[in-house]
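Here is the structure we will look at, set down as structure tokens.
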Amino acid sequence: MSQPHSLLRRSTRVALAVCAVALAGVRPVSAQPLADPPRDQLPTVWTDSDVRARARRSAFRVRRAEHALRVAQAGRVFGELPRVGNPTLGMIALPGLPNYGALTYAVSLGLPIDLAGVGRARAREAEAGVRVGTARLDAERAAAEAEARAAWVSVGVARSLEAIQRSRLASAQEAEGRIEARLAAGESTALDRAMVQRERAAAEADVARAVRLGREAADALRMALDLPGRSPIEVAPLGAPSRPTADTIARAASAAGSRRGEVRAAQAVGAEASARGVRQGREAVAPLTVGLEGQQVAVGPQETASSLGLSLRWELPFVRRAQGERAVSSAEASAARADARILQRVVSREVEAAGARLESALEELDVLEQRALPAAANLEQQTTVTWTAGNLEWFRVQEARRERLVLAARALEVLREAWLARIELDRASGSEQ
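Start counting the sequence shown at 444; every next residue gets the next number (our numbering).
What follows is the structure, encoded as structure tokens:
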């Protein structure tokens with residue numbers, strides 16, 4: 444009996460040693476924390492290029508997308524896993540009844556082997572997820588850039604509008620002084636004084652409104668660029684945005700489908716769903732378990748027999764083959780591919796619409812700056828000269844000045860619309876992606 448017992452003990456020790464080695468060889472996988480980006484040296488005067496670079500690097504939505512991409516990249520660990528699974532250890536002790544001496548011992552050590560290639564399928568699914576995360580990061584960068592540029596334009600327009608309204612207030616204060624002098628000399632009326640006082644009050648209200656709009660726009664820019672709450676905001680003077688040609692817009696519309704992050708993300712989502720369906724199908728194929736079996740059986744009152752051999756265990760995938768999961772993944776892949784085709788048409792139309800808006804805004808801006816504003820300034824000058832000579836009532840001067848300021852404010856609003864159209868054209872065409 445000593446020899447069979449010794450053989451069984453040796454088999455048990457071998458099985459336990461193999462399990463210990465397998466567990467010791469497993470490498471722990473830990474997530475690396477993402478540190479905040481370093482604080483950059485902020486520019487004194489923000490230009491369009493400064494805003495674009497900062498938004499693509501430090502906007503909140505961009506950093507969230509970077510975190511999501513890091514999570515997707517962690518799935519690449521699946522490609523490093525071996526095809527051999529965790530070993531299984533089984534022990535059986537069957538006492539004899541009513542003869543307790545008829546005791547049976549059995550020890551088994553199993554090693555599952557991935558025959559279907561589940562690990563490779565998981566690795567391909569993880570790579571598809573990385574492509575999804577990369578495309579979504581590109582889309583978030585483009586959206587953050589457009590949001591920050593729009594806030595930058597609003598700051599510039601609000602500052603210019605404030606300058607116009609302060610000029611209007613200074614002119615009203617000067618006119619009020621002149622009216623008081625003419626009224627004292629008997630050359631004006633109380634109605635003229637009431638009108639100029641109303642003009643001054645309206646100018647003060649418009650200055651306060653322009654200051655409020657400027658502060659709101661500056662806060663929006665700080666939020667879009669992740670700047671400190673009280674950091675000073677100075678923006679470069681706004682000029683008219685560049686005017687693209689019709690051929691440039693046509694080429695951008697045709698290429699937007701391959702450039703836009705949203706389209707590439709939808710395509711990658713379809714590929715990820717297809718890879719997930721493949722992985723689910725392979726997971727339905729159970730691993731083949733190769734076993735080392737040792738057994739000691741009582742064959743008599745004082746006699747035992749031992750045996751040592753191999754075994755194979757495999758679940759036959761005849762009934763359950765992950766049909767439901769694979770059907771859902773296939774439907775998700777089809778929906779994502781259809782979504783990508785729809786987005787390709789949508790982004791092309793977005794480019795064309797933004798180009799048309801930009802062209803219309805620039806045409807209106809040209810008319811305002813080249814014809815309407817010079818004519819209004821000339822009318823204001825002539826009415827002021829005539830009123831100074833005493834040949835015209837004050838309300839004529841006030842009306843001419845108000846018309847010029849209204850046109851100047853309108854020109855600023857059209858300039859803002861032109862810039863917003865240019866920003867939308869850049870985002871829709873995916874030029875920076």
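Virtual Cβ for every residue (Gly too), placed ideally from N, Cα, C.
- Task: Could you tell me the boundaries of the beta strand (DSSP E) in which GLU907 lies?
- Result: This structure does not reach residue 907, given that the chain is present from 444 up to 876, and the question cannot be answered.
- Item | Short Cβ contact (8 Å threshold) for LEU816 with ALA861 | no
- Item | Own chain, CB closer than 7 Å to PRO481, minus 5 neighbours either side, in chain order | Note that PRO481 has pLDDT 49, beneath the 50 cutoff, so the model's placement of it is unreliable and no number is given.
- Query: For VAL712, which residues does DSSP report across the bridge?
  - Reply: Answer is none; VAL712 lacks a bridge partner.
- Name the two residues that bound the continuous alpha helix (DSSP H) containing THR829. 816–831
- Leaving out five residues before and five after ARG847 in sequence, what residues of the same chain have Cβ atoms less than 8 Å from its Cβ? LEU816, ALA819, ALA820, LEU822 and GLU823
- Task: Alpha carbon to alpha carbon, how far is ARG756 from LEU466? Give it in angstroms, no decimals.
- Result: Per-residue confidence for LEU466 stands at a pLDDT of 48, beneath the threshold of 50, marking its modelled position as unreliable; no derived number is given.
- Query: Hey, which unbroken runs of the alpha helix (DSSP H) at 4 residues or more fall wholly within the region 496–570?
  - Reply: 503–517
- Span separating the alpha-carbon of MET666 from that of SER701: 30 Å
- How is the alpha helix (DSSP H) around SER803 delimited, first residue to last? 766–810
- Return the CA-CA distance between ALA714 and VAL706, expressed in angstroms with no decimal places. 13 Å
- Message: Taking the alpha helix (DSSP H) that GLU630 belongs to, which residues open and close that run?
- Response: No alpha helix (DSSP H) contains GLU630, which DSSP labels as neither H nor E.
- Chain-order list of residues whose beta-carbon lies under 6 Å from that of ALA618 (same chain, five-residue window excluded): VAL639
- Message: Considering just the uninterrupted stretch of the alpha helix (DSSP H) at LEU485, what are its terminal residues?
- Response: LEU485 -> no alpha helix (DSSP H), and no H or E assigned at all.
- Message: Let's test the definition: count the other Cβ atoms within 10 Å of the Cβ of PRO680 and tell me whether it reaches 16, buried, or not, exposed.
- Response: exposed
- Cutoff 7 Å; reference GLY752; Cβ partners in own chain excluding five residues on either side: GLU736
- Query: Under the rule that 16 or more other beta-carbon atoms within 10 Å means buried, what is ARG788, buried or exposed?
  - Reply: exposed
- Task: Use the C-beta contact count for ASP690: other C-beta atoms within 10 angstroms, 16 or more gives buried, fewer gives exposed.
- Result: exposed
- Query: Closest to GLU659 by CA distance: which of THR487, ARG621, TYR548 and ILE676 is it?
  - Reply: ILE676
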